[in-house]
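Undergrad: So this note's numbering is basically just the index in the first sequence, starting at one, shifted up by 166. Built from N, CA and C at the ideal position, the CB exists for glycine as well.
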Amino acid sequence: MPNTKSKSSAPKRAPYVAPPKLAPVLPPFVPKKGMHPIQLVRGMRDLLPTDQHYWKQLAVQSEKIAEEYGYERIDTPIVEETTLFVRGVGKATDIVEKELYSWETPGGESISLRPEGTASVVRAYVQHGMLNQPQPVKLWYTGPLFRHDRPQADRFRQFFTTGFECIGDAEPVIDAQLIIMAWNFFKALGIDVTVRVNSLGTPESRINYKNALVTYFRSKRHQLSEEDKKRLLKNPLRVLDSKDPGMQELKMEAPQMVDWLDEESKSHFMRVLEYLDEVGVPYQLDPYLVRGLDYYTKTVFEIYATSDDQELAQSALGGGGRYDGLVELLGGRPTPAAGFGLGLDRIVSRLKKKSPVVESARHIDVFLAQLGEMGRKKALALFEEFREAGIMVGEAFAKSSIKSQMEIANRRTAKWTMVIGQKEVLDGTAILRDMDSGTQEIVDVKKAIHEVKKKLGLV
RNA sequence: GUGGUCGUAGUUCAAUGGUAGAACACCGCUCUGUGGCAGCGGCCACGUGGGUUCGAUUCCCAUCGAUCACCCCA
């Protein structure tokens, strides 16, 4: 090391460590016939350039809504300690029981790809002491989630969501405003949706209700299908959602959730609905709406595309609710909170169906066509000048025939094409062609930028 | 995770127990000096593995993937 005179304040140099031995050189990879083609891992997807503008639209809309309602962006890792989800989402939920991507690290920690966003945000809220900020703390995020489901149309193992979490206030107006936000999000995108709402009450009232439900259906056991008997054990509230035709009558007489809500939850729910009425956001009461995460309390809601056609609109575009117990569950002070998430993949899919036409070509002001090596050099340099002047330039420097360059200029709907060949370079000129009329003129190359600006009305 | 359907060029679709065609797209030429048109040419596929068969893209099995329902939700 030539560095002999080290400054006294400089930190001590770390002791020299020999670089690891290089791996033995492997023979070069030779493709063989019969090799299986490498393709996407099941449930994964590529977001192709042709679809990017839909995604961008959602990104813009998410940010806009967040700003309008005073939510601040937060990004949490896609990997968390497994315990976060086991505790937060609930051990017995499908999401944790069979859909979690978990593994053990070399260091022996059990970690998981996040299957939802709320737990991480609450973890961050607790860990960074956000309880010391003015309450409620309003946070939003967007990113990928992972669940090991069986894939289907609009159902992926990696999917993208945008979520909004409002932590630190118990008022029903919070719940209502979250629903209003979600409603406005879809309204701005021009997607017709139906909001379904329900109240699960406090954990205690929910348990009482569950027990009542189980008692009721047990007494009618002989009338239940095998499927529903299983459900009764696993998730009694789901029995009410059964499609079994024989169930319809039984359901009519089954205990209703509303009747088992504690007084506080009931009045909370009524007030949420009043607020929605006040703003004019339509909703459907859905007494069978249960969410797949244990942390929900009181208000829950889901958003579905309004199926105007025969398309099955059975998959929710978004959903959320209140989770008053979660902050405490994750080690924070008892803190009420509520939030919702939006399924971006499914929303993109709706947007695509709604307006499948795509205008792909990016806008360019002028296309630079070159001819011969001298022309190419000049055009390459000119491109930089245009770029620095803020003019959008198109080019195909790798092409040599003027014809193919004109074709590309045309395809990219350039209004102007500037042609520079050997002759022009020697003369210090350039040809400026109007692509609509086909007329062209010779301009001084030194004034080329000014000339183009003039044509574009920028000067 | 359970059950059903499906799997041919980049895309949309054909045909066939004797190894596959078209359209569009892409690349090139006609045309190193001018795009939208045209003509000509090129490129590219039977998801993978096994079985039956003289011979399989076709029939059978498995597998992978997609899709639908269940399930679940985003």
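Would you say E282 and L311 are within 8 Å of each other, going by their C-beta atoms?
TA: Going by C-beta atoms, E282 is nearer than 8 Å to L311.
Undergrad: G427 and S365: beta carbons closer than 8 Å?
TA: The residue you asked about is not Gly; residue 427 is Leu in the sequence shown. Going by C-beta atoms, L427 is nearer than 8 Å to S365.
Undergrad: Please state the DSSP three-state secondary structure of Q606.
TA: It is a strand residue.
Undergrad: Could you name the residues that DSSP lists as bridge partners for I469?
TA: Paired residues: V361, G484.
Undergrad: In whole angstroms, give me the CA-to-CA distance for L534 and T579.
TA: Going by the C-alpha atoms only, they are around 13 Å apart.
Undergrad: Give a yes or no on contact between the region 501-510 and the region 327-340, applying the rule of three or more CB pairs nearer than 8 Å.
TA: Judged by Cβ distances under 8 Å, the region 501-510 makes contact with the region 327-340, as three or more pairs qualify.
Undergrad: Within its chain, find whatever has a CB closer than 8 Å to the CB of D241; leave out the 5 residues flanking it on each side and keep chain order.
TA: The answer, listed in chain order, is Y307, G309.
Undergrad: Report the rounded CA-to-CA distance for L517 versus P302, giving the unit in angstroms.
TA: Answer to the nearest angstrom: the Cα atoms are 33 Å apart.
Undergrad: Is the region 604-624 in contact with the region 552-561, if contact means three or more CB pairs nearer than 8 Å?
TA: Contact between the region 604-624 and the region 552-561 is present, because at least three Cβ pairs lie under 8 Å.
Undergrad: When you compare only the Cα positions, how much space is there between D452 and G274?
TA: For D452 and G274, the distance between alpha carbons rounds to 44 Å.
Undergrad: Closer than 7 Å by C-beta to G236: which residues in its own chain qualify, once you throw out the five before and the five after it? Chain order, please.
TA: Counting only Cβ-Cβ distances below 7 Å, and skipping sequence neighbours, we find K304.
Undergrad: Provide the residue(s) that pair with L305 in DSSP beta bridges, ordered along the chain.
TA: According to DSSP, which records beta bridges pairwise, L305 is partnered with E238, E331.
Undergrad: Relative to the C-alpha of K222, which candidate in A545, S521, V514 has its C-alpha closest?
TA: Taking only the C-alpha atoms, the option nearest K222 is V514.
Undergrad: Give the range of the beta strand (DSSP E) segment to which S566 is assigned.
TA: No beta strand (DSSP E) holds S566; DSSP gives it neither H nor E.
Undergrad: Return helix, strand or coil for P668, following the three-state DSSP convention.
TA: The shown model of the chain, from 167 to 625, leaves out residue 668, and the question about it has no answer.
Undergrad: Between the region 485-497 and the region 372-383, are three or more C-beta pairs nearer than 8 Å?
TA: Too few Cβ pairs lie closer than 8 Å, so no.
Undergrad: Using DSSP with H/G/I as helix, E/B as strand and the rest coil, what is Q422?
TA: Correct three-state label for Q422: coil.
Undergrad: Comparing the CB of D452 with every heavy atom of the ligand ZN, is any distance shorter than 7 Å?
TA: Judged by which ligands are present, the structure shown has none, so any question about the ligand ZN falls away.
Undergrad: Let me know if H529 comes out buried or exposed under the rule of 16 or more other beta-carbons within 10 Å of its beta-carbon.
TA: The residue is exposed, with fewer than 16 neighbouring Cβ atoms inside 10 Å.
Undergrad: Since V245 contacts L279 with CB under 8 Å, what's their CB separation in whole angstroms?
TA: That pair is a contact at about 6 Å.
Undergrad: Can you give me the C-alpha to C-alpha distance between M296 and F330, rounded to a whole angstrom?
TA: Spanning the two alpha carbons is a distance of roughly 16 Å.
Undergrad: Quick one, which of K565, V532, G209 has its alpha-carbon nearest K543's?
TA: K543 has its Cα closest to that of K565, out of K565, V532, G209.
Undergrad: Exposed or buried, P215, counting other C-beta atoms within 10 Å across all chains shown (16 or more means buried)?
TA: P215 comes out exposed.
Undergrad: Decide if W269 is buried, meaning its Cβ has at least 16 other Cβ atoms within 10 Å, or exposed.
TA: W269 comes out exposed.
Undergrad: Just the Cα atoms here: how many angstroms apart are G254 and D460?
TA: Straight-line Cα distance between these residues: approximately 8 Å.
Undergrad: By the 10 Å Cβ neighbour count, where 16 or more other Cβ atoms means buried, how is V288 classified, buried or exposed?
TA: V288 comes out buried.
Undergrad: Going by CA-CA distance only, name the one from M601, T605, G604, Q588 that's closest to V611.
TA: Of M601, T605, G604, Q588, the residue nearest in Cα terms is Q588.
Undergrad: Which two residues bound the contiguous alpha helix (DSSP H) that contains L622?
TA: Start and end: 614-622.
Undergrad: Closer than 8 Å by C-beta to L478: which residues in its own chain qualify, once you throw out the five before and the five after it? Chain order, please.
TA: Here L478 scores only 49 on pLDDT, less than 50, and its place in the model is too uncertain to base an answer on.
Undergrad: Residues in its own chain within less than 8 Å of T271 by CB, not counting five upstream and five downstream?
TA: Cβ neighbours of T271 beyond the five flanking positions: I277.
Undergrad: Count the other C-beta atoms from every protein chain shown that fall within 10 angstroms of the C-beta of K464, then say buried if there are 16 or more, exposed otherwise.
TA: Buried, because 16 or more other Cβ atoms sit within 10 Å of the Cβ of K464.
Undergrad: If you measure between the beta carbons of G642 and T259, is that distance less than 8 Å?
TA: Not covered by the structure: residue 642. The range shown for the chain is 167 to 625.
Undergrad: At what residues does the alpha helix (DSSP H) containing I373 begin and finish?
TA: Note, I373: alpha helix (DSSP H), 369-385.
Undergrad: Quick one: what's A535 bridged to in DSSP?
TA: For A535, which the question treats as bridged, DSSP gives the partners V585.
Undergrad: Does the distance from the C-beta atom of F467 to that of G487 stay below 8 Å?
TA: Yes, the Cβ-Cβ distance between F467 and G487 is below 8 Å.
Undergrad: So I597 packs on M584, CB below 8 Å; how close in whole Å?
TA: About 7 Å separates the two Cβ atoms, so the contact holds.
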